[in-house]
Amino acid sequence: MPLRTLAFEPTNRCNRTCRHCIRNRADPPGFLPLETAESVLSQARPLGFKAVALTGGEVALYPHLGDLLRLIAAQGFAFSLVTNGCRFSEYVLPLLLEPEVKERLQSVCLSLDGAGPETHDALRGSKSFREVIEALNLCRNHGIAASLKSLVTTLNRGELTELAFLGARLGAVEHEFLYPFPTPTLIRDGLLLSPQEMRDTVRWIRDNLVGVLGNKITVEGYSMDGVILNCGYQVNTLNVDYQGNLVFCCTLSHVTMGDGGPTSSGGEVVTDLQEVSLKEGIIRQFRKVSQVMEARLRDGGKPPGVSESPCHWCLKHFGKLEWLRDFSDSPWTAWLMD
Amino acid sequence: MPRYQCKPNCCFVESWHKESGTKRPDDYPFPHVFNQGTGDYVEFDKAGAFIARFIIQGLDTDFIPQILVSEYGSGVKNPQGEVAQVLADMLPFLDILPGPPRSYKAPAKGKSNKGHKGTFELNFKPNLIGNIIIKG
Chain A
1 MPLRTLAFEP TNRCNRTCRH CIRNRADPPG FLPLETAESV LSQARPLGFK
51 AVALTGGEVA LYPHLGDLLR LIAAQGFAFS LVTNGCRFSE YVLPLLLEPE
101 VKERLQSVCL SLDGAGPETH DALRGSKSFR EVIEALNLCR NHGIAASLKS
151 LVTTLNRGEL TELAFLGARL GAVEHEFLYP FPTPTLIRDG LLLSPQEMRD
201 TVRWIRDNLV GVLGNKITVE GYSMDGVILN CGYQVNTLNV DYQGNLVFCC
251 TLSHVTMGDG GPTSSGGEVV TDLQEVSLKE GIIRQFRKVS QVMEARLRDG
301 GKPPGVSESP CHWCLKHFGK LEWLRDFSDS PWTAWLMD
Chain B
1 MPRYQCKPNC CFVESWHKES GTKRPDDYPF PHVFNQGTGD YVEFDKAGAF
51 IARFIIQGLD TDFIPQILVS EYGSGVKNPQ GEVAQVLADM LPFLDILPGP
101 PRSYKAPAKG KSNKGHKGTF ELNFKPNLIG NIIIKG
């Protein structure tokens, strides 16, 4: 699979404090320097990159969003962005509707974690349901393809059908149900299904929702297709964090360690793209892919949990799940750590 | 539930201005919907304008009570009733939004021919109906 996509984290700032978020809130706010983004983009085009994905943090809080979108469009990249709906109607949408920007826009991705405000806002905070529904509806009104991500928790497990129908009714072209990453908050608040419940739910989604509605429904972050072949992210996408680092995978970027302290980055940081060229960064990324793949092959499928979710395997490999040992009663600790 | 849009001569003014934030028209310093042809208008308070905003956006009206709850929480006592009230006030200014066009082309008259040789391999595996017809 060719290396085609750049994923930028323009900022780590977010207006919400979602209970499931894996990002480290103890980190000070930071913003990707526009000149760094411009430098990476200009190096990427001749290397064959075709698309840019903007993640976060919350992109609406990035002060140079308009300039960044115009840069991306001017250099001929297709792009998509992830947002929680913050400032969508008054700030993000007008930027997306600039003709040269809209021409390159592939999709807007929003998160919807409940079929109603009681469930969704319980996870993401008050007014979030309103922001997401409004953003989805405005996308539909303006002919912008929108997709949804829904994290499966104990809160919404009983309303997944309603959630899928809601997404389809609001015109979401794709709806991904997310396999959750354990976080201290999810475990403390009892929001995390047990591994077995999660497996059952994944199976239920596949049997009952996938292919039933007009939009595309998938389960992201889970695979039974084999130990090594169930993730190709690192060889088709390069992830640039808000500090200008090339990070091995977006899932590993500035992850909470459960200790309340700022992130102490480790092996997941491949290189600083403000110091080395993108070409050199790619070389180092593939060296790391080789090391990680070797470790994965030698590790086999034990403990069982890490072989079913490639993200869990990498989180563990890069030392991001050590905090789980403080939760010895959680079934996730045995599932992923023992 | 239906979705709505403004009638051709009608307009919803939320009294929000992109540059100045809270600027409102001098003569009509409140959110309102009006008909340019007749001069009729209905003004809204804050909650009414919030509901009207989503009606005008063409959102299915049965989602709006939930949005009201998301925005104002337990302060909303009768979300369905409040949405219905604002919708009733606005109806003279609204058309029902048509659903997306569904592509369908009426069948043309079948073209009759003669001389079918029937010599190609009969493989209707992907189509059980075809298989049954051939066997029959």
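For the protein sequence lines, the chains are A and B, in the order given. For what it's worth, this note's numbering labels the leading residue of the first sequence as 1, then goes sequentially. For what it's worth, this note's numbering labels the leading residue of the second sequence as 1, then goes sequentially. Backbone N, C-alpha and C fix where the C-beta goes; we use that ideal spot for every residue, glycine too.
Classify residue i as helix, strand or coil using the three-state DSSP reduction.
i                 : result
Ser-194 (chain A) : coil
Thr-38 (chain B)  : coil
Lys-111 (chain B) : coil
Asn-215 (chain A) : coil
Glu-100 (chain A) : helix
Tyr-28 (chain B)  : coil
Arg-23 (chain A)  : strand
Phe-318 (chain A) : coil
Ile-132 (chain B) : Residue confidence is low: Ile-132 (chain B) scores 40 on pLDDT, short of 50, so the model does not pin down where it sits. No coordinate-derived value is stated.
Leu-209 (chain A) : coil
Phe-12 (chain B)  : strand
Phe-327 (chain A) : coil
Asn-127 (chain B) : Unreliable positioning characterises Asn-127 (chain B) in this predicted model, as indicated by a pLDDT of 45, which lies under 50. A coordinate reading is not provided.
Gln-75 (chain A)  : coil
Lys-117 (chain B) : coil
Arg-284 (chain A) : helix
Asp-113 (chain A) : coil
Would you kindly work out how many angstroms separate the C-alpha atoms of residue i and residue j, rounded to a whole number?
i                 : j                 : result
Leu-87 (chain B)  : Arg-130 (chain A) : 18 angstroms
Pro-29 (chain A)  : Ser-103 (chain B) : 49 angstroms
Leu-128 (chain B) : Arg-188 (chain A) : Reliability fails at Leu-128 (chain B), whose pLDDT of 45 lies under 50, so the model's placement of it is uncertain and no value is given.
Ile-132 (chain B) : Asn-208 (chain A) : Unreliable placement is indicated for Ile-132 (chain B), whose pLDDT of 40 sits below 50; no coordinate value is reported for it.
Ala-44 (chain A)  : Cys-311 (chain A) : 26 angstroms
Phe-30 (chain B)  : Phe-50 (chain B)  : 12 angstroms
Ile-55 (chain B)  : Leu-6 (chain A)   : 38 angstroms
Glu-268 (chain A) : Val-255 (chain A) : 11 angstroms
Tyr-62 (chain A)  : Thr-185 (chain A) : 26 angstroms
Lys-320 (chain A) : Cys-231 (chain A) : 18 angstroms
Leu-336 (chain A) : Val-33 (chain B)  : 58 angstroms
Glu-294 (chain A) : Pro-2 (chain A)   : 20 angstroms
Asn-15 (chain A)  : Val-59 (chain A)  : 10 angstroms
Leu-192 (chain A) : Glu-174 (chain A) : 24 angstroms
Asn-113 (chain B) : Asn-215 (chain A) : 41 angstroms
Glu-14 (chain B)  : Thr-17 (chain A)  : 30 angstroms
Leu-278 (chain A) : Leu-246 (chain A) : 9 angstroms
Arg-296 (chain A) : Pro-33 (chain A)  : 35 angstroms
Leu-110 (chain A) : Lys-109 (chain B) : 47 angstroms
Pro-94 (chain A)  : Lys-46 (chain B)  : 24 angstroms
Ile-67 (chain B)  : Lys-127 (chain A) : 8 angstroms
Arg-340 (chain A) : Arg-3 (chain B)   : Outside the displayed range of chain A (1 to 338) lies residue 340 (chain A), so it cannot be described from this structure.
Pro-126 (chain B) : Gln-285 (chain A) : Caution applies to Pro-126 (chain B), whose pLDDT of 47 falls short of 50 and renders its modelled position unreliable; the value that the coordinates give is listed next. Their backbone Cα atoms lie some 45 angstroms apart in a straight line.
Trp-323 (chain A) : Ser-264 (chain A) : 14 angstroms
Lys-140 (chain B) : Pro-262 (chain A) : The shown model of chain B, from 1 to 136, leaves out residue 140 (chain B), and the question about it has no answer.
Lys-288 (chain A) : Asn-84 (chain A)  : 32 angstroms
Val-219 (chain A) : Thr-55 (chain A)  : 19 angstroms
Gln-274 (chain A) : Gln-234 (chain A) : 20 angstroms
Gly-171 (chain A) : Leu-136 (chain A) : 8 angstroms
Kindly list, in the order they appear in chain A, the residues whose Cβ is closer than 9 angstroms to that of residue i.
i                : result
Asp-60 (chain B) : Asn-137, Arg-169, Leu-170
Phe-63 (chain B) : Ile-133, Asn-137, Leu-166, Arg-169, Leu-170
In chain B, which residues lie with their C-beta within 9 angstroms of the C-beta of residue i?
i                 : result
Ile-283 (chain A) : Result: empty, since nearest Cβ-Cβ is about 46 angstroms, beyond 9 angstroms.
Asp-121 (chain A) : Val-69, Ser-70, Gly-73
Ser-111 (chain A) : Within 9 angstroms Cβ-Cβ: nothing; Ser-111 (chain A) doesn't reach chain B, min ~14 angstroms.
Ser-309 (chain A) : Under the 9 angstroms cutoff, chain B gives no residues; its nearest Cβ is about 31 angstroms from Ser-309 (chain A).
Give the residues of chain B in contact with residue i, contact being defined as C-beta atoms less than 8 angstroms apart.
i                 : result
Asn-141 (chain A) : Gln-57, Gly-58
Ser-264 (chain A) : Residues of chain B passing the Cβ test: none, with the nearest at roughly 37 angstroms.
Run down chain B in chain order and give the residues with a C-beta less than 7 angstroms from the C-beta of residue i.
i                 : result
Arg-87 (chain A)  : In chain order: nothing, as chain B lies at least about 12 angstroms away.
Ser-150 (chain A) : The premise fails here: Ser-150 (chain A) is roughly 16 angstroms from chain B at the closest Cβ pair, so nothing lies under 7 angstroms.
What are the partner residues of residue i, as DSSP defines its beta bridges?
i                 : result
Leu-81 (chain A)  : A:Leu-54, A:Val-108
Tyr-4 (chain B)   : B:Ile-96
Asp-272 (chain A) : A:Asn-245
Asn-239 (chain A) : A:Ala-7, A:Val-247
Val-255 (chain A) : A:Arg-23
Glu-220 (chain A) : A:Leu-178
Phe-423 (chain A) : Because chain A is modelled from 1 through 338, residue 423 (chain A) falls outside the range shown and cannot be assessed.
Arg-31 (chain A)  : In the sequence on display, residue 31 (chain A) carries Phe and not Arg. DSSP lists A:Thr-11 as partners of Phe-31 (chain A).
Val-33 (chain B)  : B:Phe-12, B:Val-42
List, in order along the chain, the chain A residues whose C-beta lies closer than 8 angstroms to that of residue i?
i                : result
Gln-66 (chain B) : Gly-116, Pro-117, Phe-129, Ile-133
Contiguous beta strand (DSSP E) assignments of at least 3 residues, all confined to the segment 122-201 of chain A: 146-151, 174-178
Sequence ranges, alpha helix (DSSP H) only - wholly within the segment 44-88 of chain B, length at least 4: 46-56, 64-72
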